[in-house]
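Undergrad: In this note's numbering, the protein residues as written are 53 to 409.
Following this line, the structure appears as structure tokens:
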């Protein structure tokens, strides 16, 4: 873990532990390990009895496990925070050094939870008192406007390091890994062998050429703005963008187009994809986050076309990601099926896009 802290700069005094927690354990079996981890990271609780700790599952996504830890101290004081456990082999698709660097600056700018500590296969962050959005929430005009405004402000944050957009670099790494896989399961292997990586490579080349005409601004992008990475506290009317593990400098159009794709959820129900009016509503709020200026229709249309084109890149990106996860992840999710859902949608939308140009 030492290299991570060298990269993380001035936060080298942040609590860290070499402990690795087995993510396959059930909650009753993982709880004692989480308690020991907390004691290792935060020495003030070293002598606290295990009965003073409570651990519950907040969510189990398709790459991470998120737990809430509540602690009751002997003097009656209480504290709670979250423990995020990385999915197995996620380092194949996620740059953890880049994530830790980004969290520090994004947290300082008011985004996400505060980083409290890091361990062998995860991190500890402050608890956000809010609920996670659902796919249905994404279509709510008020929430969509809030998300758009927050995303604009997110894109203003400056993160040290290279400002080179990572979309095509990441996709090149993904296709290199995805094209040399093999599966023990004969049915999976048979499906995998139907995939033409020459075809995908050619599609990436064509799409890179097509998107180059937009000169889309390069911003620090979230890159994974699905409903599970957005939280809201209705009473305080506060909305939070969380989980920056895929964050990088990238094209503005990709971040917005990718967000629109996420209206469909993990089930890829593209009947839920936002209508043109819904996209215009989002873009209008994105372009005018403080309500201080008039946004003309030409500006909205230009960003609509830009994000609609980068939406295609989002399908290819997550399709290739899913193939790697199909091999590496132990999480019970049909990643191979997800590849075909995303790639088939890419081919259909790509054909529509070419007919319109």
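Just so you know, even glycine gets a beta-carbon here, dropped at the ideal spot from N, CA and C.
Tell me whether residue 94 sits in a helix, a strand or coil according to DSSP, three-state version.
TA: Stepping through the chain shown from its first residue, residue 94 is reached at position 42. In this structure, residue 94 counts as coil in the three-state DSSP scheme.
Undergrad: Would residue 193 and residue 380 be called neighbours here (beta carbons separated by less than 8 Å)?
TA: The residue labelled residue 193 in the question sits at position 141 within the chain shown. The residue labelled residue 380 in the question sits at position 328 within the chain shown. Not closer than 8 Å, so no.
Undergrad: Which whole-angstrom value is the C-beta distance of residue 104 and residue 123, which I expect to be below 8 Å?
TA: Numbered from its first residue, the chain shown carries residue 104 at position 52. Numbered from its first residue, the chain shown carries residue 123 at position 71. So it is a contact: roughly 6 Å between Cβ atoms.
Undergrad: According to the neighbour-count rule (16 or more other Cβ atoms, all chains shown, within 10 Å of its Cβ), is residue 280 buried or exposed?
TA: In the chain shown, the residue the question calls residue 280 occupies position 228. Classification of residue 280: buried, given that the 10 Å Cβ count is 16 or more.
Undergrad: Going by DSSP, what residue range makes up the alpha helix (DSSP H) through residue 250?
TA: For the purposes of this step, residue 250 is taken as the residue at position 198 of the chain shown. Element bounds for residue 250: 249-263.
Undergrad: According to DSSP, is residue 134 helix, strand or coil?
TA: Stepping through the chain shown from its first residue, residue 134 is reached at position 82. Three-state result, residue 134: strand.
Undergrad: State the Cα-Cα distance for the pair residue 216 and residue 340, rounded to the nearest angstrom.
TA: Against the chain shown, residue 216 aligns to sequence position 164. Against the chain shown, residue 340 aligns to sequence position 288. Between residue 216 and residue 340, the C-alpha separation is close to 26 Å.
Undergrad: Out of 375, 152, 251, 187, which has the shortest C-alpha to C-alpha gap to residue 314?
TA: Start at 1 with the first residue of the chain shown, and residue 314 comes out as number 262. Of 375, 152, 251, 187, the residue nearest in Cα terms is 187.
Undergrad: Using the Cα positions of residue 151 and residue 81, report the straight-line distance between them to the nearest angstrom.
TA: The residue given as residue 151 occupies position 99 in the chain shown. The residue given as residue 81 occupies position 29 in the chain shown. Spanning the two alpha carbons is a distance of roughly 29 Å.
Undergrad: If you draw a straight line from the alpha carbon of residue 327 to that of residue 393, how long is it in whole angstroms?
TA: Within the chain shown, numbered from 1, the residue matching residue 327 stands at position 275. Within the chain shown, numbered from 1, the residue matching residue 393 stands at position 341. If I take the Cα positions, the gap works out to 20 Å.
Undergrad: For residue 116 versus residue 89, is the C-beta spacing smaller than 8 Å?
TA: In the chain shown, residue 116 corresponds to position 64, counting from 1. In the chain shown, residue 89 corresponds to position 37, counting from 1. No, they are not a contact pair.
Undergrad: Enumerate in chain order the residues of its own chain whose CB-to-CB distance from residue 190 is below 6 Å, with the five nearest sequence positions on each side excluded.
TA: Position 138 of the chain shown, counted from the start, is the residue given in the question as residue 190. Here the set comprises 279, 315.
Undergrad: Could you tell me which of 131, 205, 213 sits nearest to residue 178, measuring between CA atoms?
TA: Against the chain shown, residue 178 aligns to sequence position 126. Minimum Cα distance to residue 178 is reached at 131.
Undergrad: Could you compute how far the alpha carbon of residue 59 sits from the alpha carbon of residue 229?
TA: Position 7 of the chain shown, counted from the first residue, corresponds to residue 59. Position 177 of the chain shown, counted from the first residue, corresponds to residue 229. For residue 59, the predicted structure reports a pLDDT of 37, less than 50, and the residue's modelled location is therefore unreliable. A value from the coordinates is still provided. About 25 Å.
Undergrad: Who are residue 167's beta bridge partners in DSSP?
TA: Within the chain shown, the letter at position 115 stands for residue 167. Answer is 177, bridged to residue 167.
Undergrad: Assuming the contact rule is C-beta atoms closer than 8 Å, residue 146 and residue 297 should be a hit. Round their C-beta distance to whole Å, please.
TA: Mapped onto the chain shown, residue 146 falls at position 94. Mapped onto the chain shown, residue 297 falls at position 245. Indeed they touch by this definition, with Cβ atoms about 5 Å apart.
Undergrad: According to the Cβ coordinates, are residue 283 and residue 180 closer than 8 Å?
TA: The residue you call residue 283 lines up with position 231 of the chain shown. The residue you call residue 180 lines up with position 128 of the chain shown. Yes, Cβ-Cβ distance for residue 283 and residue 180 is below 8 Å.
Undergrad: Quick one: what does DSSP say residue 283 is sitting in, helix, strand or coil?
TA: On the chain shown, position 231 is the one that residue 283 refers to. Residue 283: strand per DSSP, three-state reduction.
Undergrad: With respect to the beta strand (DSSP E) encompassing residue 219, which residues constitute its N-terminal and C-terminal limits?
TA: By one-based count along the chain shown, residue 219 stands at place 167. No beta strand (DSSP E) holds residue 219; the alpha helix (DSSP H) holding it covers 219-230.
Undergrad: Compute the Euclidean distance between the alpha carbons of residue 56 and residue 135, then round it to the nearest angstrom.
TA: Residue numbering aside, residue 56 sits at position 4 when the chain shown is read from its first letter. Residue numbering aside, residue 135 sits at position 83 when the chain shown is read from its first letter. Its pLDDT being 32, under 50, residue 56 is placed unreliably by the model, and the measurement read from it follows with that caveat. C-alpha separation (whole angstroms): 18 Å.
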